[in-house]
Every structure is written in structure tokens, then in C-alpha cells.
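Visitor: The sequence shown finishes on residue 423 if you use the numbering used here, and the numbering steps up by one all the way, no holes.
Using N, Cα and C, we set each Cβ at its ideal position, and we do this for glycine too.
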Amino acid sequence: MTDVGVQMYSWLKDLFPLCRSLTGDGNRETLAYLNDILGGRLTIHEVPTGTKAFDWTVPKEWRIREAWIKDGTGRKVVDFADHNLHVVGYSTPVDTVLDLEELQKHLYSLPEQPDAIPYVTSYYRERWGFCMTENRRQSLAAGKYHVFIDSELFDGSLTYADLVIPGETDEEIFFSTYICHPSMANNELSGPVVTTALAKWLLRQTGGGGQSGQRYTYRLIFIPETIGSLVYLSRNLAAMQAKTVAGFVVTCVGDDRAYSLLRSRSGNTVADKAALSILRSEHPDFIEYSFLERGSDERQYGAPGIDLPVVSVMRSKYGIYPEYHTSLDALSLVTPGGLAGALEVYKKIVRALERNHRYQATCLGEPQLGKRGLYPTLSQKGTADEVKTMMNLIAYCDGRHDLMDIADKIHVPVGELYEITDKLVKAGLLVPT
């Protein structure tokens, strides 16, 4: 766990300086880096500006090269080169001189967090602006300021990537993560690096992408948030509605704080059940949120008419932790252990889904376990305790309860039932239905 956490953290550090947005070269560089890790297995797509995606349209592509504010002495008081949160996302070009009063209309800061640079965007209305700490803003003296942003908005394309790993069936488990935020470690990069590590693990489970070892097909996508999920759904909706068994938005999975679960719109999908099964047994201090508290791509996946069974298992939920959408969401907020822990939770969710069958007991009445070597032949006080879990499991194998249902009913972690179930199936006492 530690080694894979260190590896993911190194990926995160490499990607942190890139300026990502809804579109642009930062996204392409990010996907190229992740694709290299995955041995070129990603399929990278370019969707032209103006393409319709339901009620939305792919915006112009944004490119920024340089941006700064200089005071009357020529000293840079803000420089995009120092931190890419310093410029409002999708800022239009500007090269002008303003007095401080006029400049203030284009400045953004957080009085309640005076040492943080806020993350601000203006994707769908053209404007320009700079972000800085409140302390820096308050230090600006009256006078003239030279404002410069070398950027452009042009007809280009939106970039996303996907990877489909075939299983023994075409029923799918779906993972979605986003690649559209600039330098924020937990809110942005923890999701893509954990999803990449999960993809590497799934590829190993399936022998490099064949059909051995996994019941389900796995679909993993790397998209810009909101517009990316809308574009992806507009191109793949029918297949996803027909095939998706459970889906997960992977975001904010890098810190060491308590886990969070954001439920699906219905709240009772297989995805909800799998996430709850693992979190209740492994991390009982997790925090549960309803779909009413959504804020990421589950908004699109759970929308009426889309209705995909999608939840999100996070560490600190977006919008809740104090560093969210600021420069305080720095490399120091994320840890190798936090990343590795989140990866392990998702791997256990995958195993729970893979093993989640309904079983039918083959005997009428209680089976005689002793003659099958499954129960001690000498009965004495305490003997029954040794096989209590096995007997409770059999008691609910009526073809109506799946393994996660049974684990919940008998108050045993689902992972503890795998070996027991295998023994009972081998003994002919249970059959999958």
C-alpha cells in the first residue's frame, strides 16, 4: 500500500504545475502523462468547439501564455508564472493601464482566508480577472497598474480519454474522474491518479485487458467536469444505460481525513450498496451525504432521463474542507497514505461487486456440515460459535438476498464471506442463481 501511494503521489507532483481548464494543452499534457503510465491504453478524443451535448455546447478552447500585474515601479505584484490560480480561468486577453480603483473590479480574494488564492473561473461569459491573497490585495497602494494577459479563445476542441477493459460479460462498472482544474491537489489530481492506479490494477486482474479473472467490463473516463460528462453521455448514453451496473465519480480522494459517501439520486442502487458495505465495515467513521448535496458529475449521471446508478466515495467532500478551491489545496494536503487508502477502498468495492451473487441453498432444512468436513464432529459448548457465520450465511441463501444483503443482515464484513461461500459452493450446499 505504501509503495503504490508513493507512486501515485509522484504522479500527482509531476502533474501539479500544469494549467488545466475545460479545454486546452494542459488537459492534453495531463492525459498524455496518464496514458504513458497505462502503456498507451487510453483512447483520446477531441470534440470540436460548437458540438452540441444535450442542452450544452462545447465552448471555445482557451490558451494562456503569460499574465501579470505591475505597479508603478514596474514590480510584478501578481504573476501567473508563480501560481496558475492567479488568473481567472478563461480570461480574455488584456494589455492596459488602470488606476487601483478600476483594477479592484477585476480582482478576487477571500477575506475569510487571507493567505489563500481563490480558484475563480468564467467559462461562459467573457471577462478577465486576477486572483490573489487578501493580504496581497490589501497591500496594494493607490496608483497606476499595468495589467497584461496573453491569452486567446478560439475554435478548437475539448479533450477527454476513456479506457474500456473487457470482462466475461458486457455488463459494466463505470469510473469517472475529471481533469479540468489547475493546481489543486485533493480536489483535482487525487481523482485522476487514483483512477489511473485502479486502471493498472484492473488490467493486471484481467491479464492485461483480456477477459480472464473479471466478471464485469470496466469503463474508466477522464473528462473535464460537467461539460465533459455531458459530452460523454451524449455520445454513449444508450450503451451506458443498457450496461452499467454501478458507477463511481472519483474525486477528493487524497487527504488523510474521514471518508465520505455521496449517495445516488435514488439512494438504493447497487453502487450505494457496495460503497456502504465496504465503508461500514472498514471505515465506520465515514460521513454520508445525500444526493441533495451533490456538486460534481453525479449531477449529470443521476439526472432524470439519464438515471445511471452512480455514487462518489471520497475522503473530504468537495465544498466541505476548508482548503477547497484555493491555493491551500496544495501538495502538502495530500499524502501517499491517503491516496493508497482510497485506492484500497475502491479495489474492495470492485471485489464486492464481482462477488455479489444471489445463492440458493440446496438442502431442505439445516444441512449436516460435519459429514462434509465443515463442522466439528465433537459437539460441545462453544462449538456452534465456530461456524455461526457459516450457518447465518446459509440461513439467508434463499435466492432473494445477494451476498452484500446477507453481510448486512448478519453483521459481518462482506469480505469475510467470500471464502465461506466458496467452500459451501464446492460442497454442493449453495448454487449461484
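Using three-state DSSP, classify isoleucine 107 as helix, strand or coil.
Guide: Reduced to three states, the DSSP call for isoleucine 107 is coil.
Visitor: For glutamine 204, count neighbouring C-beta atoms within 10 Å of its own C-beta (all shown protein chains included) and say buried if the count is 16 or more, exposed if not.
Guide: Label assigned to glutamine 204: buried.
Visitor: Just to confirm the assignment: which complete beta strand (DSSP E) runs, minimum length 3, are found wholly within the region 110 to 171?
Guide: Runs of the beta strand (DSSP E) inside the region 110 to 171: 134 to 144, 147 to 155, 162 to 168.
Visitor: Determine the DSSP secondary structure at tyrosine 336, reduced to helix, strand or coil.
Guide: In this structure, tyrosine 336 counts as helix in the three-state DSSP scheme.
Visitor: In the DSSP assignment, find the unbroken alpha helix (DSSP H) run with tyrosine 291 in it and report its ends.
Guide: Taken as a continuous stretch (DSSP letters only), the alpha helix (DSSP H) holding tyrosine 291 covers 288 to 291.
Visitor: Give me, in chain order, the residues of the same chain whose beta-carbon lies closer than 8 Å to that of glycine 62; leave out the 5 immediate sequence neighbours on both sides.
Guide: The answer, listed in chain order, is Gly133, Lys134, Tyr135.
Visitor: Pull up the distance between the alpha-carbon of aspartate 262 and that of threonine 325, whole angstroms please.
Guide: Roughly 27 Å between the two C-alpha positions.
Visitor: In chain order, what are the residue ranges of uninterrupted alpha helix (DSSP H) at least 4 long that sit wholly in the region 5 to 67?
Guide: Entirely contained in the region 5 to 67, the alpha helix (DSSP H) runs reaching 4 residues are, in chain order, 15 to 27.
Visitor: DSSP state of valine 183, grouped into three classes?
Guide: Valine 183: helix per DSSP, three-state reduction.
Visitor: In this structure, how does DSSP classify aspartate 412 when only helix, strand and coil are distinguished?
Guide: Of the three classes helix, strand and coil, the one that applies to aspartate 412 here is helix, per DSSP.
Visitor: Measuring alpha carbon to alpha carbon, tell me which residue in Tyr98, Lys60, Asn382, Asp160 is nearest aspartate 89.
Guide: Nearest C-alpha to aspartate 89: Lys60.
Visitor: Taking 8 Å as the threshold (C-beta atoms), are asparagine 17 and threonine 149 in contact?
Guide: The answer is yes: Cβ separation under 8 Å.
Visitor: Does at least one heavy atom of the ligand ADP sit under 7 Å from the Cβ of glycine 133?
Guide: This structure simply doesn't include the ligand ADP, nor any ligand for that matter.
Visitor: Across which residues does DSSP place isoleucine 277 in a beta bridge pair?
Guide: Isoleucine 277 pairs with Ser250.
Visitor: Hey, how far is the Cα of proline 312 from the Cα of valine 87?
Guide: Distance between the alpha carbons of proline 312 and valine 87: 35 Å.
Visitor: Could you give the residue range of the alpha helix (DSSP H) that holds serine 267?
Guide: Residues 260 to 272.
Visitor: For a quick check, are the C-beta atoms of leucine 75 and tyrosine 109 less than 8 Å apart?
Guide: Yes; because the gap between Cβ atoms is below 8 Å, this pair is in contact.
Visitor: For a test of the three-state rule: what should DSSP assign to leucine 203, helix, strand or coil?
Guide: The question names leucine, yet the displayed sequence has glycine at residue 203. Coil, per DSSP.
Visitor: Need the endpoints of the alpha helix (DSSP H) that threonine 379 sits in, please.
Guide: 378 to 385 is the extent of the alpha helix (DSSP H) around threonine 379.
Visitor: Can you tell me whether isoleucine 177 is buried or exposed? The criterion is at least 16 other CB atoms within 10 Å of its CB, across all chains shown.
Guide: The question names isoleucine, yet the displayed sequence has asparagine at residue 177. That one is buried.
Visitor: Helix, strand or coil for aspartate 395, going by three-state DSSP, please let me know.
Guide: In this structure, aspartate 395 counts as helix in the three-state DSSP scheme.
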